[in-house]
Amino acid sequence: MSITILQRSPQGMRSIKLKNRYLYSMVSLLVLLPLGAGVSGYLYAMKKSQMAEVEQVTIDNWKRELASQWKELEIAKQSSQQQINALTAKLGMMQAHIRRLDAAGERIVNISGLDAKEFNFNDAPAIGGPEKAASSETTDIADLLAALNEIDGQLDSREQQLSVLESLLMDKHMGVERYISGRPIKKGWMSSYYGTRNDPFTGKPAWHGGVDFAGKEGSEVVSTAAGVVSWVGNRYGYGLLIEINHGDGLVTRYGHNKQALVKKGDVVKKGQAISKMGNTGRSTGAHVHYEVLKNGRTVNPLPYVNRRARG
């Protein structure tokens, strides 16, 4: 098979014959060129699709990593806030403790007759010394820690002042106030003595570690010496009990009260009303059960009751 192609030239018309092998080559070329272009386009599209998939996977990984980091940050923030809350609560408790110490100190100063200016609990303690410049960058936690350190210093100062006051209160200059003497009531009578007696509930012999003073319910019970209230509350057998520490190992107890007029930690004067007489606990009527303890053991209160008060 052959194809004749006519071509115009200056010399006139001429013909060109294409043999079979040339004809096949041209046909193959005309067929393969479009096919190749299609294949190339397909391969390019596939490569582009694969790149898009890779990029999406990378983005998804970044998103997951970012979400994880946000979660860790939130946990860290919550932990920091909890620490701040704990420090704030501790700061409030310490400040309240200082106020209680100040109040106790002022009461001791008033009772002892000391110079109030020397132990003025309203003034900041005298302190000093060289210090380094503080950093301009602060945080909430740093501020709280600084406040806690300041409170610690104030507590140390208050404790030192109270220690001095306590020693002054309990030394020989306060011997008159600390001298246990007299009855724990203003009106009434002694209804039971110290020692072995018949138990009013069982009728059998039993030990009675104090003396009883009967009176009218609601009448005043008074402290027989100056001291610090070491207990206010119910105790088995005693009912509502008040206990006062007078130093030197001496303690007095006042039982079966109807109402307490003092609280633990109060400093009381000699003759101060500390409660209202009652009938609480193991009791058959309105009275005060009065005990004197020396170094933790009860002693007969009568020698103290019959003492003359020092002038």
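Everything in the sequence shown is counted per the numbering used here, starting at 6 for the first residue and increasing by one. Idealized CB from N, CA, C, for every residue including glycine.
Beta-carbon proximity check, residue i vs residue j, cutoff 8 angstroms
i	j	result
proline 308	valine 216	no
isoleucine 247	valine 256	no
aspartate 271	valine 297	no
valine 226	lysine 281	yes
serine 186	arginine 313	yes
lysine 95	leucine 150	no
glutamate 222	lysine 263	yes
tyrosine 259	isoleucine 279	yes
serine 197	histidine 213	yes
arginine 202	valine 310	no
glycine 283	glycine 252	no
isoleucine 190	valine 267	no
proline 205	threonine 93	no
glycine 254	lysine 299	yes
Identified DSSP bridge partners for residue i
i	result
glutamine 264	Lys281
serine 224	Bridge partners of serine 224: none, in fact.
glycine 252	Leu255
asparagine 305	DSSP lists no partner for asparagine 305.
serine 197	Asp217
alanine 151	In DSSP, alanine 151 forms no bridge with anything.
isoleucine 185	Beta-bridge pairing links isoleucine 185 to no other residue.
Simplified DSSP assignment, three categories, for residue i
i	result
asparagine 66	helix
alanine 81	helix
glycine 204	For clarity, residue 204 is aspartate in the given sequence; the question names glycine instead. Reduced to three states, the DSSP call for aspartate 204 is coil.
glycine 133	Caution is warranted here: a pLDDT of 48 is assigned to glycine 133, below 50, making its placement in the model unreliable, and the coordinate value is therefore given only provisionally. It is coil, neither helix nor strand.
lysine 76	helix
isoleucine 156	helix
alanine 138	Annotation note: pLDDT 49 at alanine 138 (below 50); position unreliable, coordinate value reported separately. Alanine 138 falls in the coil class under three-state DSSP.
lysine 191	coil
alanine 219	strand
lysine 299	strand
arginine 313	coil
alanine 91	helix
glutamate 240	For the record, residue 240 in the displayed sequence is arginine; it is not glutamate. Correct three-state label for arginine 240: strand.
glycine 97	helix
alanine 108	helix
alanine 230	coil
alanine 291	coil
Cβ-based neighbour list, residue i, same chain, cut-off 6 angstroms, excluding 5 preceding and 5 following
i	result
glycine 193	Phe218, Ala219 and Gly220
isoleucine 156	Met99
glycine 303	According to the sequence displayed, residue 303 carries threonine and not glycine. Excluding residues within five positions, the ones whose Cβ falls inside 6 angstroms are Gly214 and Glu296.
alanine 291	Glu222, Met282 and Asn284
Spatial neighbours of residue i in its chain, beta-carbon cut-off 8 angstroms, leaving aside the 5 residues before and after
i	result
tyrosine 184	Ala230, Lys275, Arg312, Ala314 and Arg315
glutamate 142	With a pLDDT of 46 at glutamate 142, under the threshold of 50, the modelled position of that residue is not reliable, and no figure is offered here.
asparagine 5	Any property of residue 5 remains undetermined from this structure, which presents the chain solely from 6 to 316.
Beta carbon proximity, residue i to chain B, threshold 8 angstroms
i	result
alanine 151	Protein chains in the displayed structure number just one, and chain B is not present.
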